[in-house]
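This report refers to the structure that appears directly beneath it.
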Amino acid sequence: KEKHKILHQLLQNSTSPVDL
Amino acid sequence: PEAADLRALSRHLYEAYLKYFPLTKAKARAILSGKTADNAPFVIHDMKSLLEGEQFINCKQIPTPEHQQQMSALTVAHGGLSGAHQGLECNILDAVELRFFHSCQSRSAEAVREVTEFAKSIPGFIELDLNDQVTLLKYGVIEVLIIMMAPLMNKDGTLIAYGQIFMTREFLKSLRKPFCQMLEPKFEFSVKFNTLELDDSDMALFLAVVILSGDRPGLLNVKPIEQLQETVLHALELQLKLNHPDSLQLFAKLLQKMTDLRQIVTDHVHLIQLLKKSEMEMCLHPLLQEIIKDLY
Chain A
841 KEKHKILHQL LQNSTSPVDL
Chain B
12 PEAADLRALS RHLYEAYLKY FPLTKAKARA ILSGKTADNA PFVIHDMKSL
62 LEGEQFINCK QIPTPEHQQQ MSALTVAHGG LSGAHQGLEC NILDAVELRF
112 FHSCQSRSAE AVREVTEFAK SIPGFIELDL NDQVTLLKYG VIEVLIIMMA
162 PLMNKDGTLI AYGQIFMTRE FLKSLRKPFC QMLEPKFEFS VKFNTLELDD
212 SDMALFLAVV ILSGDRPGLL NVKPIEQLQE TVLHALELQL KLNHPDSLQL
262 FAKLLQKMTD LRQIVTDHVH LIQLLKKSEM EMCLHPLLQE IIKDLY
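If you're matching them up, the sequences are chains A and B in order. Everything in the first sequence is counted per our numbering, starting at 841 for the first residue and increasing by one. Everything in the second sequence is counted per our numbering, starting at 12 for the first residue and increasing by one.
What follows is the structure, encoded as structure tokens:
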């Protein structure tokens, strides 16, 4: 899951500038 | 009733496509053929016009407020790259390719977000195992982005920056290696792909078929993916029969493109890996790194 953290976030609508 | 369900699926995917992808094929072809009421795109054909056009490439003008909000999220993260780059005393003409490459990365990261939203709109997609959703996107997204470049391209160049700029193929070929090798295979693919004359509603279904590929490495539960793809394939076949009644074997020709795409993506990933080694000052966007790492 850690390897694809941003993809997971995009899929779960939890992307923010801080996350990225 | 079955055909009615397939038509409803086609309409649904077309609506999602229009919602998430700001530059449609219809709009891109209007710009390329000079039929838009707006101004003609700014043409980049040499280093001088590239430097002049850079303010456009930075994608400051965004089509919708929703895109603007999401885009700033992606560019904030990427801003550090240009900042770090400014401190380097590079030859300006050497640096310009890297700056352009960074801009392409920012736009690609935003495009990955658009494709993700589109994937989530495919009925049944978000019910799949979350790890499989990630795998489908990881392997499918570059193929989707290459398909979506086709409407923006003709044999002479490509629209970029949401259709505000036209960059000539000759200029791209004149860049130093390996930058000059990056888009040429996409032009070759696009010119052939465009002869199929798909419209945006056909494209929506084809993109969904590509995303729902059950043979991606590492999938945990292939069966539900194949079932979803089969339904979308039926919808695509029906759509093409109705929308292109005179185009023989269009469905088969389109499916063959999926084989070509895999090779283009493999070559593309190798070029990026080459760039990472040769261009010490080049950084990859974290989202694109995630996708490319251990891909092929």
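Using N, Cα and C, we set each Cβ at its ideal position, and we do this for glycine too.
Verify the CB distance criterion: does residue i have a CB-CB separation below 8 angstroms to chain A?
| i | result |
| --- | --- |
| Leu298 (chain B) | yes |
| Thr127 (chain B) | yes |
| Arg124 (chain B) | yes |
| Lys131 (chain B) | yes |
| Val145 (chain B) | yes |
| Leu61 (chain B) | no |
| Glu301 (chain B) | yes |
| Lys36 (chain B) | no |
| Leu244 (chain B) | no |
| Leu239 (chain B) | no |
| Lys30 (chain B) | no |
| Leu141 (chain B) | yes |
| Lys287 (chain B) | no |
| Leu148 (chain B) | yes |
Taking buried to mean at least 16 other C-beta atoms within 10 Å of its own C-beta, is residue i buried or exposed?
| i | result |
| --- | --- |
| Pro52 (chain B) | buried |
| Pro162 (chain B) | buried |
| Leu298 (chain B) | buried |
| Arg187 (chain B) | exposed |
| Ser322 (chain B) | In this structure chain B extends from 12 to 307, so residue 322 (chain B) is not present and cannot be described. |
| Asp213 (chain B) | buried |
| Lys268 (chain B) | buried |
| Thr277 (chain B) | exposed |
| Gly4 (chain B) | Given that chain B is displayed from residue 12 to residue 307, the structure contains no residue 4 (chain B) and the question cannot be resolved. |
Between the C-alpha atoms of residue i and residue j, what's the straight-line distance to the nearest angstrom?
| i | j | result |
| --- | --- | --- |
| Met293 (chain B) | Phe32 (chain B) | 28 angstroms |
| Val123 (chain B) | Leu156 (chain B) | 8 angstroms |
| Phe112 (chain B) | Asp210 (chain B) | 29 angstroms |
| Thr35 (chain B) | Ile158 (chain B) | 12 angstroms |
| Gln300 (chain B) | Leu306 (chain B) | 10 angstroms |
| His844 (chain A) | Val145 (chain B) | 7 angstroms |
| Lys197 (chain B) | Met160 (chain B) | 8 angstroms |
| Gln250 (chain B) | Ser21 (chain B) | 7 angstroms |
| Arg273 (chain B) | Tyr150 (chain B) | 9 angstroms |
| Asn165 (chain B) | Ala37 (chain B) | 14 angstroms |
| Leu141 (chain B) | Gln852 (chain A) | 9 angstroms |
| Ala14 (chain B) | Pro189 (chain B) | 48 angstroms |
| Asp257 (chain B) | Glu842 (chain A) | 49 angstroms |
| Phe345 (chain B) | Lys59 (chain B) | Look at the range of chain B in this structure, 12 to 307, and you will see that residue 345 (chain B) is not part of it. |
| Ala39 (chain B) | Arg180 (chain B) | 17 angstroms |
| Ala48 (chain B) | Glu237 (chain B) | 44 angstroms |
Name the one or two DSSP bridge partners that residue i has.
| i | result |
| --- | --- |
| Val54 (chain B) | B:Phe177 |
| Leu170 (chain B) | B:Phe177 |
| Met159 (chain B) | None, per the DSSP bridge assignment. |
| Asn165 (chain B) | B:Gly168 |
Are the beta-carbon atoms belonging to residue i and residue j less than 8 angstroms from one another?
| i | j | result |
| --- | --- | --- |
| Ile133 (chain B) | Ile222 (chain B) | yes |
| Leu231 (chain B) | Asp143 (chain B) | yes |
| Lys184 (chain B) | Glu199 (chain B) | no |
| Ser117 (chain B) | His296 (chain B) | yes |
| Ala120 (chain B) | Leu148 (chain B) | no |
| Leu261 (chain B) | Leu207 (chain B) | yes |
| Ile55 (chain B) | Met178 (chain B) | yes |
| Gln240 (chain B) | Gly229 (chain B) | no |
| Leu61 (chain B) | Val126 (chain B) | no |
| His245 (chain B) | Leu17 (chain B) | yes |
| Pro235 (chain B) | Leu139 (chain B) | yes |
| Val152 (chain B) | Ile302 (chain B) | yes |
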